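Q: I have a structure here, written as structure tokens, and I will follow up with some questions on it.
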């Protein structure tokens, strides 16, 4: 009996372990996640005199934070702060995200002070910064201790602010000579559609102590189709001597630009924000050697000297590009291709049956503006039904442009038997190197279509005689003695059509009323349903899931117009929707709606990577729905 109890106890302990061990693992994982973020405090100088200023910064290596609570600054007065900044930090080529709060304090009385811990909320966890100790000694400058007769505290503050402005200006002038951004464009004149390569390059004097660098905003390339080269880490790739000073340089952004407009286009500058640490000397030293510039280079680690951190905005120059129009006359079958291309065609089968689809492909390969090349135009027999082409791209973005291939696939379904010809298609492109147009004609294909199982019923009319029976000419007639006219069956059968008509009329009336009620309800709630769909599309956009975003946006717009105008699913085409909108007085919104639906359909085949375009399309969709609902009210 005792052995049985011991066995049961062991089994219970084993069962507890099954639950306790996973629980402990989850607990320690959460603890690790909670403390994975660091929250630190730093000060630019922890040994100052009365009246001097000190900058203290609280930094967390996360972007999404809340509930910041600063400590008390005993012994100091707050001149500025908190100044908030969110930026991408680059240290030795490594990129990280961070958020910081900065204060500028002034020491008021001598003594040793401890700035306590600040608090911040990160992912639901409260983090505390490290405390900071600062020693404040009496001022050695009597001019700081004595206040001239008639002066006020306000005048002192104004003088200090003026000194701070002068200090910042001197720092800005010094940094600008040793840190700057340049824009390099491989050409200053191009044809419309011709690829242009732009590089933003950062130059830094290796002796300059740059603590952090960030790009708060990216340039907008208005008038261009743009594709940015992804740079995971900024690496200094070489050095260059400019005006006798040796600089390290690194490419911070590379962009392929394809001009879409003619005339003089502007390439916007690239702007970066830096935190630079400089040595600051007292007033007497600065009069003899402003900023101690020579000492700065002799002592890059600032051993024993006072230093300050300064924010500096580095900005490249603005680029100009003269865009020439394509030569006139532009050929009829110009496919918007600018570059150097090859053009081929292929078909998957030459012999099919009616209602059996086959595939026709046109392939464009080469170098230029491949993503902007349009599909060829087909002129087929009316008995060959064609569908909108699908896109398949295999493109690499290089400094010379887009290199690769783009395939347009047409699905064609023959509806009647016979022999058909797929005519040759002309592909016209402009070669900007040779400055002329080239035309490539595709191969011509012959298709043999046999009668299939599901042939059109109209073709069976020739067999109708087999369904007609012979008329008998030898017939014997017998007299019926029963009187049907006055029987009950006569009245029943006579009234049956009227009763059937009344029943069908009432049934259809009820069905129409029910459908009308449903249509009215759907019309009333169309915007409500659409907003839910658009909210789902926005979530995909925030996650960077661009294909899912376009699919959800397309579904939201179709569902809205289906509910708004009671359109059946089979009739939900962009052309039909546009016609119905015009008929109902929404002509001003119809063109914008058609464009939205067209771009969403195109996105199923063309990989869109620019989130700005997706955000703009979402805004346009919301605006269309809002304007239509406002007019309805």
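In the numbering used here, the protein residues as written are 1 to 633. Every residue gets a Cβ at the ideal spot worked out from N, C-alpha and C, and that includes glycine. These figures come from a predicted structure and were not determined experimentally.
Nearest-angstrom Cα distance between residue 533 and residue 556?
A: Here residue 533 refers to the residue found at position 533 of the chain shown. Here residue 556 refers to the residue found at position 556 of the chain shown. Straight-line Cα distance between these residues: approximately 5 angstroms.
Q: Please classify residue 619 as buried or exposed, where buried requires at least 16 other C-beta atoms within 10 Å of its C-beta.
A: Start at 1 with the first residue of the chain shown, and residue 619 comes out as number 619. Exposed, since its Cβ has fewer than 16 Cβ neighbours within 10 Å.
Q: Let me know the secondary structure DSSP gives residue 497 once reduced to three states.
A: For the purposes of this step, residue 497 is taken as the residue at position 497 of the chain shown. Three-state result, residue 497: helix.
Q: From what residue to what residue does the alpha helix (DSSP H) around residue 593 run?
A: The sequence position of residue 593 within the chain shown is 593, counting from 1. That run of the alpha helix (DSSP H) goes 587 to 602.
Q: By alpha-carbon positions, which one of 158, 573, 176 ends up nearest to residue 316?
A: Here residue 316 corresponds to residue number 316 of the chain shown, with the count starting at 1. When each option's Cα is compared against that of residue 316, the closest is 176.
Q: Determine which residues share a DSSP beta bridge with residue 236 and list them.
A: Numbered from its first residue, the chain shown carries residue 236 at position 236. Looking at the DSSP assignment, residue 236 forms no beta bridge with any residue, so it has no partner.
Q: What's the gap between the Cα of residue 540 and the Cα of residue 550?
A: Counting from one through the chain shown, the residue named residue 540 turns up at place 540. Counting from one through the chain shown, the residue named residue 550 turns up at place 550. About 9 angstroms.
Q: Shortest alpha-carbon distance to residue 205 belongs to which of 223, 233, 239?
A: Sequence index remark: in the chain shown, residue 205 carries index 205 (1-based). Closest option to residue 205, Cα to Cα, is 239.
Q: In the structure shown, what three-state DSSP assignment does residue 566 receive?
A: For the purposes of this step, residue 566 is taken as the residue at position 566 of the chain shown. If DSSP states are grouped into helix, strand and coil, residue 566 belongs with coil.
Q: Let me know if residue 44 comes out buried or exposed under the rule of 16 or more other beta-carbons within 10 Å of its beta-carbon.
A: Position 44 of the chain shown, counted from the first residue, corresponds to residue 44. Label assigned to residue 44: buried.
Q: Count the other CB atoms, across all protein chains shown, that sit within 10 Å of the CB of residue 136; report buried if there are 16 or more and exposed otherwise.
A: What you label residue 136 is simply residue 136 of the chain shown in a count that begins at 1. Residue 136 is buried by the Cβ-count criterion.
Q: What is the rounded straight-line gap between the Cα of residue 490 and the Cα of residue 506?
A: For the purposes of this step, residue 490 is taken as residue 490 along the chain shown, with counting starting at 1. For the purposes of this step, residue 506 is taken as residue 506 along the chain shown, with counting starting at 1. One C-alpha to the other measures close to 25 angstroms.
Q: Would you decide whether residue 377 is buried or exposed? Buried here means 16 or more other CB atoms lie within 10 Å of its CB.
A: Here residue 377 corresponds to residue number 377 of the chain shown, with the count starting at 1. Exposed, by the Cβ-count rule.
Q: Exposed or buried, what is residue 284 when buried is set at 16 or more other beta-carbons lying within 10 Å of its beta-carbon?
A: Counting from 1 along the chain shown, the entry for residue 284 is found at position 284. Here the model assigns residue 284 a pLDDT of 44, short of 50, so the residue's position is not dependable and the matter cannot be decided.
Q: For residue 436, does the three-state DSSP call read helix, strand or coil?
A: Within the chain shown, residue 436 is the residue found at index 436, counting from 1. In this structure, residue 436 counts as strand in the three-state DSSP scheme.
Q: Per DSSP, residue 320 is paired with what?
A: As a position in the chain shown, residue 320 is number 320, starting the count at 1. 266.
Q: Going along the chain, which unbroken runs of the beta strand (DSSP E) with 3 or more residues stay wholly within the stretch 330 to 409?
A: Taking only runs of at least 3 residues, the beta strand (DSSP E) segments lying wholly in the stretch 330 to 409 are 334 to 347, 351 to 353, 358 to 368, 384 to 386, 390 to 398.
Q: Is residue 230 helix, strand or coil by DSSP?
A: The residue labelled residue 230 in the question sits at position 230 within the chain shown. Residue state, collapsed to three classes: coil.
Q: Suppose the cutoff is 6 angstroms on Cβ atoms and the five residues either side in sequence are ignored; what does the same chain contact list for residue 623 look like?
A: Reading the chain shown from its first residue, position 623 is the one you call residue 623. Closer than 6 angstroms at Cβ, skipping near neighbours: no residue.
Q: Hey, how far is the Cα of residue 160 from the Cα of residue 256?
A: Here residue 160 corresponds to residue number 160 of the chain shown, with the count starting at 1. Here residue 256 corresponds to residue number 256 of the chain shown, with the count starting at 1. In a straight line, the C-alpha of residue 160 is about 48 angstroms away from that of residue 256.
Q: Find out if the Cβ-Cβ distance for the pair residue 189, residue 323 is shorter than 9 angstroms.
A: Taking the chain shown and counting its residues from 1, one reaches residue 189 at position 189. Taking the chain shown and counting its residues from 1, one reaches residue 323 at position 323. Result yes, Cβ atoms of residue 189 and residue 323 sit closer than 9 angstroms.
Q: Can you tell me whether residue 57 is buried or exposed? The criterion is at least 16 other CB atoms within 10 Å of its CB, across all chains shown.
A: Stepping through the chain shown from its first residue, residue 57 is reached at position 57. Residue 57 is buried by the Cβ-count criterion.
Q: Using the Cβ count rule (16 or more neighbours within 10 Å means buried), how would you classify residue 501?
A: In the chain shown, counting from the first residue as 1, residue 501 sits at position 501. Result: exposed.
Q: Count the other CB atoms, across all protein chains shown, that sit within 10 Å of the CB of residue 314; report buried if there are 16 or more and exposed otherwise.
A: Start at 1 with the first residue of the chain shown, and residue 314 comes out as number 314. When all chains shown are included, residue 314 counts as buried.
Q: In terms of residues, what are the limits of the beta strand (DSSP E) holding residue 272?
A: What you label residue 272 is simply residue 272 of the chain shown in a count that begins at 1. From DSSP, the beta strand (DSSP E) with residue 272 extends over 271 to 279.
Q: From the DSSP secondary-structure annotation, give me the bridge partner or partners of residue 182.
A: In the chain shown, residue 182 corresponds to position 182, counting from 1. For residue 182, which the question treats as bridged, DSSP gives the partners 201.
Q: Which one of 242, 198, 236, 210 has the shortest CA to CA distance from residue 224?
A: If you number the chain shown from 1, residue 224 lands on position 224. Ranking 242, 198, 236, 210 by Cα distance to residue 224 puts 198 first.
Q: Near residue 386, what residues of its chain come up, given a Cβ to Cβ distance below 7 angstroms and the 5 sequence neighbours on each side ignored?
A: The residue given as residue 386 occupies position 386 in the chain shown. Closer than 7 angstroms at Cβ, skipping near neighbours: 378, 380, 410, 412.
Q: Are the stretch 71 to 79 and the stretch 102 to 120 touching by the rule of at least three beta carbon pairs closer than 8 angstroms?
A: Counting Cβ pairs under 8 angstroms, three or more are found: they touch.
Q: Is residue 123 helix, strand or coil by DSSP?
A: In the chain shown, residue 123 corresponds to position 123, counting from 1. DSSP places residue 123 in coil when its eight states are reduced to three.
Q: Residue 270 and residue 181 look like a contact to me (Cβ under 8 angstroms); what is the Cβ gap, rounded to whole Å?
A: As a position in the chain shown, residue 270 is number 270, starting the count at 1. As a position in the chain shown, residue 181 is number 181, starting the count at 1. That pair is a contact at about 6 angstroms.
Q: For the structure I just gave you, are there three or more beta carbon pairs, one from the stretch 226 to 235 and one from the stretch 342 to 354, closer than 8 angstroms?
A: In short, these stretches do not touch, since the Cβ pair count stays below three.
Q: If we ignore side chains and look at the alpha-carbon of each, how far apart do residue 319 and residue 404 end up?
A: What you label residue 319 is simply residue 319 of the chain shown in a count that begins at 1. What you label residue 404 is simply residue 404 of the chain shown in a count that begins at 1. Their backbone Cα atoms lie some 29 angstroms apart in a straight line.
Q: Would you check if there are 3 or more beta carbon pairs closer than 8 angstroms linking the stretch 429 to 437 to the stretch 330 to 342?
A: The stretch 429 to 437 vs the stretch 330 to 342: in contact.
Q: Comparing alpha-carbon positions, which option in 65, 527, 328, 392 lies nearest residue 563?
A: Here residue 563 corresponds to residue number 563 of the chain shown, with the count starting at 1. The residue with the shortest Cα to Cα distance from residue 563 is 527.
Q: If you draw a straight line from the C-alpha of residue 370 to the C-alpha of residue 399, how long is it?
A: What you label residue 370 is simply residue 370 of the chain shown in a count that begins at 1. What you label residue 399 is simply residue 399 of the chain shown in a count that begins at 1. Roughly 14 angstroms separates the two Cα atoms.
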